[in-house]
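Chains A and B supply the protein sequences, listed in that same order.
Residues are numbered in the numbering used here as their position in the first sequence, beginning at 1, plus a constant of 223.
Residues are numbered in the numbering used here as their position in the second sequence, beginning at 1, plus a constant of 223.
All C-beta atoms in this analysis are idealised placements derived from N, C-alpha and C, irrespective of residue type, glycine included.
Protein chains: 2
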Amino acid sequence: MATNTGPGTLRPGGRTARVREAVLRAAGDALAEHGFTGLDLGDIARRADVGRTTVYRRWGTVTAVVADLLTDMAEQSLPRTETGSLLGDLRANARLVQRTLVDPRQGALFKAVIAAATSDPDTRRSLARFYRARLDEWSPCVTQAIERGELPADTDPAEVIRAVSAPLYYRLLATDEPLDASVADRAAEAAAAAARAGAYVRPAEAKPE
Amino acid sequence: MATNTGPGTLRPGGRTARVREAVLRAAGDALAEHGFTGLDLGDIARRADVGRTTVYRRWGTVTAVVADLLTDMAEQSLPRTETGSLLGDLRANARLVQRTLVDPRQGALFKAVIAAATSDPDTRRSLARFYRARLDEWSPCVTQAIERGELPADTDPAEVIRAVSAPLYYRLLATDEPLDASVADRAAEAAAAAARAGAYVRPAEAKPE
């Protein structure tokens with residue numbers, strides 16, 4: 224029997240974990256194939272070869288499945304690379320984001336979730352949590368660069384990491400321009416240069432205009 | 224009688240121009256209110272107080288209306304500001320983009336069109352044309368900065384302008400973080416700093432790795 228335990232109480236490798244894995248993979252496939260508006264719990268259950276009742280009882284809505292998928296993606300994402308230099312670390316981050324966005328399945332999945340987030344507040348919050356987790360994972364490469372004396376002491380780590388991803392997402396979503404490895408390298412170089420110049424130093428509190 | 228002339232042959236101020244203006248305003252309102260998937264030519268005609276036949280004959284599809292709306296938005300957009308310094312110009316650009324994205328109607332409209340572009344190739348092309356027009360409008364502020372000796376001679380102007388917008392769109396669409404004037408100013412400062420450091424210099428042809 225399916226139990227009513229949430230994702231936080233999974234036994235790794237148990238039946239509950241296997242059901243979740245199958246459902247999230249099926250949801251990702253469906254999202255990549257026909258977007259958020261085409262998502263349907265019955266279709267997800269069929270693709271996952273899991274009983275409809277289990278899916279309805281455990282997740283209830285497609286929005287909840289997408290939220291759980293984003294939680295899982297954040298948990299499964301690769302740990303950051305440590306190269307010993309700020310530019311090396313940011314380039315590794317940029318290349319990872321770029322490869323994800325140009326991957327046919329992953330890229331389509333992100334586009335679908337971002338499109339859904341423009342009109343669905345729950346998905347917007349789930350997506351923001353995903354990016355928060357990725358920012359937290361990569362921010363230490365900026366902290367370490369500060370410790371090595373590469374960057375001003377009061378540099379905001381998250382701002383530097385955001386600056387690496389932003390040009391890649393802008394091309395993907397807005398300008399529809401090429402998104403190759405050279406674009407990733409340039410994003411990393413620009414973020415590093417701006418950070419060195421102090422552009423991401425935290426503003427002083429109540430700074431006069 | 225409505226004629227079959229395209230938007231390129233409008234007499235400014237004539238009936239054809241007034242019909243187009245009313246239809247595009249109605250389409251923008253509808254997009255901002257309930258997104259692209261809720262768009263309907265009959266609803267647009269009703270909102271615009273224009274005959275359905277005219278709207279169907281002249282545009283034919285909601286995708287064509289959105290394409291024409293983006294063309295009109297590119298034409299109606301404010302001309303660039305000239306402040307005499309790169310940082311001043313980029314800050315003016317960043318503030319203009321930021322104000323647009325936080326404006327309730329305009330921000331909702333952009334989100335709706337970007338969401339539609341993730342799954343509709345025609346809308347993706349129309350949106351890309353809109354950004355191309357904005358890049359062309361603002362690129363001379365970089366060219367002038369090169370002429371003033373503020374930037375390396377082979378800086379790619381469009382890359383600098385993209386770098387100003389990218390962090391703003393990234394917050395709007397991905398991370399759902401605050402998007403206030405200080406974020407705009409920081410985007411301008413980071414783009415200027417990275418440009419000064421040579422991060423947007425055009426790569427040499429066939430550059431060896």
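- [ ] Note the first and the last residue of the continuous alpha helix (DSSP H) segment covering Leu319/A.
- [x] As a working note, residue 319/A is residue 96 in the first sequence. Taken as a continuous stretch (DSSP letters only), the alpha helix (DSSP H) holding Leu319/A covers Leu309 to Val325.
- [ ] Consult DSSP for Val246/A and reduce its assignment to one of helix, strand or coil.
- [x] Here residue 246/A corresponds to residue number 23 of the first sequence, with the count starting at 1. Of the three classes helix, strand and coil, the one that applies to Val246/A here is helix, per DSSP.
Open item on the list: Which residues does DSSP list as the beta-bridge partners of Thr378/A?
Closed with: As a position in the first sequence, residue 378/A is number 155, starting the count at 1. Looking at the DSSP assignment, Thr378/A forms a beta bridge with Val424/A.
Open item on the list: Please report whether the beta-carbon of Arg358/A lies at a distance below 9 angstroms from any beta-carbon of chain B.
Closed with: Here residue 358/A refers to the residue found at position 135 when the first sequence is read from its first residue. The question names Arg, yet the displayed sequence has Leu at residue 358/A. At least one chain B Cβ lies under 9 angstroms of Leu358/A.
- [ ] Answer yes or no: do Ile384/A and Asn316/A have a C-beta to C-beta separation smaller than 9 angstroms?
- [x] Residue mapping note: residue 384/A aligns to position 161 of the first sequence, counting from 1. Residue mapping note: residue 316/A aligns to position 93 of the first sequence, counting from 1. Their beta carbons are under 9 angstroms apart, which means Ile384/A touches Asn316/A by this criterion.
Open item on the list: Applying the 10 Å Cβ sphere with the 16-neighbour rule, what's the burial state of Val288/B?
Closed with: Counted from its first residue, the second sequence places residue 288/B at position 65. Under a 10 Å Cβ-count criterion, Val288/B is classified as buried, with 16 or more other Cβ atoms of the shown protein chains found around its own Cβ.
- [ ] Would you decide whether Thr341/A is buried or exposed? Buried here means 16 or more other CB atoms lie within 10 Å of its CB.
- [x] The residue labelled residue 341/A in the question sits at position 118 within the first sequence. Buried.
Open item on the list: In whole angstroms, give me the CA-to-CA distance for Met296/B and Arg270/A.
Closed with: Against the second sequence, residue 296/B aligns to sequence position 73. Against the first sequence, residue 270/A aligns to sequence position 47. Taking the straight line joining both Cα atoms gives about 43 angstroms.
Task: Cα-Cα separation, Asp266/A to Val246/A - done: Taking the first sequence and counting its residues from 1, the one referred to as residue 266/A is at position 43. Taking the first sequence and counting its residues from 1, the one referred to as residue 246/A is at position 23. Their backbone Cα atoms lie some 10 angstroms apart in a straight line.
TODO: Identify whether Arg269/A lies in helix, strand or coil by the three-state DSSP scheme.
DONE: Position 46 of the first sequence, counting from 1, holds the residue named residue 269/A. The answer is helix: DSSP assigns Arg269/A an H, G or I state.
Open item on the list: Can you pull out the residues from the segment 405-417 of chain B whose beta carbon lies closer than 7 angstroms to at least one beta carbon of chain A?
Closed with: Ser405, Arg409, Glu412, Ala413, Ala416 and Ala417
TODO: Could you list which residues in chain B have their beta carbon closer than 9 angstroms to that of Ile337/A, in chain order?
DONE: Locating residue 337/A in the first sequence gives position 114, where the first residue counts as 1. What Ile337/A touches in chain B: Ile337, Ala338, Thr341, Leu396 and Ala397.
Task: Collapsed DSSP secondary structure at Gly274/A in the structure displayed - done: Locating residue 274/A in the first sequence gives position 51, counting from the first residue. If DSSP states are grouped into helix, strand and coil, Gly274/A belongs with coil.
Open item on the list: Alpha carbons only, please: which of Thr294/A, Gly237/A, Arg280/A and Tyr423/A is nearest the one belonging to Arg348/A?
Closed with: Translated into positions along the first sequence, residue 348/A becomes position 125. Measuring from the Cα of Arg348/A, the nearest candidate turns out to be Thr294/A.
- [ ] Kindly indicate which residue of Pro363/A, Val387/A and Glu382/A has the alpha-carbon position closest to the one of Arg409/B.
- [x] Taking the first residue of the second sequence as position 1, residue 409/B is located at position 186. Cα-wise, what sits closest to Arg409/B is Glu382/A.
- [ ] Please confirm if Gly265/B has its CB atom under 9 angstroms from at least one CB of chain A.
- [x] Sequence index remark: in the second sequence, residue 265/B carries index 42 (1-based). No, Gly265/B does not count as interfacial toward chain A.
Task: DSSP state of Phe259/B mapped onto helix, strand, coil - done: Residue 259/B sits at position 36 when you count from the first residue of the second sequence. Coil.
TODO: Below 6 angstroms CB to CB, which residues in the same chain sit around Pro373/A once its five sequence neighbours on both sides are set aside?
DONE: Position 150 of the first sequence, counting from 1, holds the residue named residue 373/A. It should be noted that the sequence gives Glu, not Pro, for residue 373/A. If we look at Glu373/A and ignore the five residues flanking it on each side, its Cβ neighbours are Leu309.
Task: With 16 other Cβ atoms within 10 Å as the buried cut-off, status of Tyr423/B - done: Here the question's residue 423/B lines up with position 200 in the second sequence. Around the Cβ of Tyr423/B, a 10 Å sphere holds 16 or more other Cβ atoms; the residue is buried.
- [ ] Quick one: which residues of the segment 377-393 of chain B get their C-beta closer than 8 angstroms to a C-beta of chain A? List them in chain order.
- [x] Glu382, Arg385, Ala386, Ser388, Ala389, Pro390, Tyr392 and Tyr393
Task: For Glu256/A and Arg241/B, the rounded distance between their alpha carbons - done: Translated into positions along the second sequence, residue 241/B becomes position 18. Translated into positions along the first sequence, residue 256/A becomes position 33. Roughly 41 angstroms between the two C-alpha positions.
Open item on the list: Across the segment 402-419 of chain A and the segment 343-363 of chain A, are there enough close Cβ pairs to call them in contact, namely three or more that are closer than 8 angstroms?
Closed with: no
Task: Leu301/A beta carbon near the ligand HEM (any heavy atom closer than 8 angstroms) - done: Summarising the ligand content, the structure contains no ligands, and the ligand HEM is consequently not present.
Task: Spatial distance of Leu254/A from Tyr354/B (CA atoms) - done: Locating residue 254/A in the first sequence gives position 31, counting from the first residue. Locating residue 354/B in the second sequence gives position 131, counting from the first residue. Their backbone Cα atoms lie some 27 angstroms apart in a straight line.
- [ ] Could you tell me the distance, in whole angstroms, from the CA atom of Leu358/B to the CA atom of Thr366/A?
- [x] Along the second sequence, read from residue 1 onward, the residue named residue 358/B stands at position 135. Along the first sequence, read from residue 1 onward, the residue named residue 366/A stands at position 143. Distance between the alpha carbons of Leu358/B and Thr366/A: 34 angstroms.
Task: Distance, Val325/A Cα to Leu292/A Cα - done: As a position in the first sequence, residue 292/A is number 69, starting the count at 1. As a position in the first sequence, residue 325/A is number 102, starting the count at 1. Going from the Cα of Leu292/A to the Cα of Val325/A covers about 19 angstroms.
Open item on the list: Could you check whether the Cβ of Leu262/B sits closer than 9 angstroms to any Cβ belonging to chain A?
Closed with: Start at 1 with the first residue of the second sequence, and residue 262/B comes out as number 39. False, the Cβ-Cβ gap to chain A never drops below 9 angstroms.
Task: Rounded C-alpha distance that separates Ala356/B from Glu244/A - done: Taking the second sequence and counting its residues from 1, the one referred to as residue 356/B is at position 133. Taking the first sequence and counting its residues from 1, the one referred to as residue 244/A is at position 21. If I take the Cα positions, the gap works out to 45 angstroms.
Task: CA-to-CA distance, Thr284/A to Ala411/B, given in whole angstroms - done: Locating residue 411/B in the second sequence gives position 188, where the first residue counts as 1. Locating residue 284/A in the first sequence gives position 61, where the first residue counts as 1. If I take the Cα positions, the gap works out to 41 angstroms.
Open item on the list: I'd like to check one pair, Ala417/B with Ala414/A: are the Cβ atoms closer than 9 angstroms?
Closed with: The residue labelled residue 414/A in the question sits at position 191 within the first sequence. The residue labelled residue 417/B in the question sits at position 194 within the second sequence. Yes, these two residues count as a Cβ contact at 9 angstroms.
Task: Cutoff 9 angstroms: Ala351/B Cβ touching any chain A Cβ - done: On the second sequence, residue 351/B is found 128 positions in, with the first residue counted as 1. It does: the Cβ of Ala351/B has a partner Cβ on chain A nearer than 9 angstroms.
- [ ] Name the two residues that bound the continuous alpha helix (DSSP H) containing Ala397/B.
- [x] Position 174 of the second sequence, counted from the start, is the residue given in the question as residue 397/B. Run containing Ala397/B: none; DSSP gives neither H nor E here.
Open item on the list: Which residues in chain B have a C-beta closer than 7 angstroms to the C-beta of Ala422/A? List them in chain order.
Closed with: To locate residue 422/A, count along the first sequence from 1; it is residue 199. Per Cβ cutoff of 7 angstroms: Arg409, Glu412, Ala413 and Ala416.
TODO: Scan the segment 267-301 of chain A for residues whose Cβ lies nearer than 7 angstroms to a Cβ of chain B and list them as they occur along the chain.
DONE: none
Task: Buried or exposed (CB count within 10 angstroms, at least 16 for buried), Gln321/B - done: Your numbering for residue 321/B matches position 98 in the second sequence. With 16 or more Cβ atoms within 10 Å of its Cβ, Gln321/B is classed as buried.
- [ ] Please name the residue in Phe333/B, Pro375/B and Asp379/B whose C-alpha comes closest to that of Arg419/B.
- [x] Reading the second sequence from its first residue, position 196 is the one you call residue 419/B. Closest option to Arg419/B, Cα to Cα, is Pro375/B.
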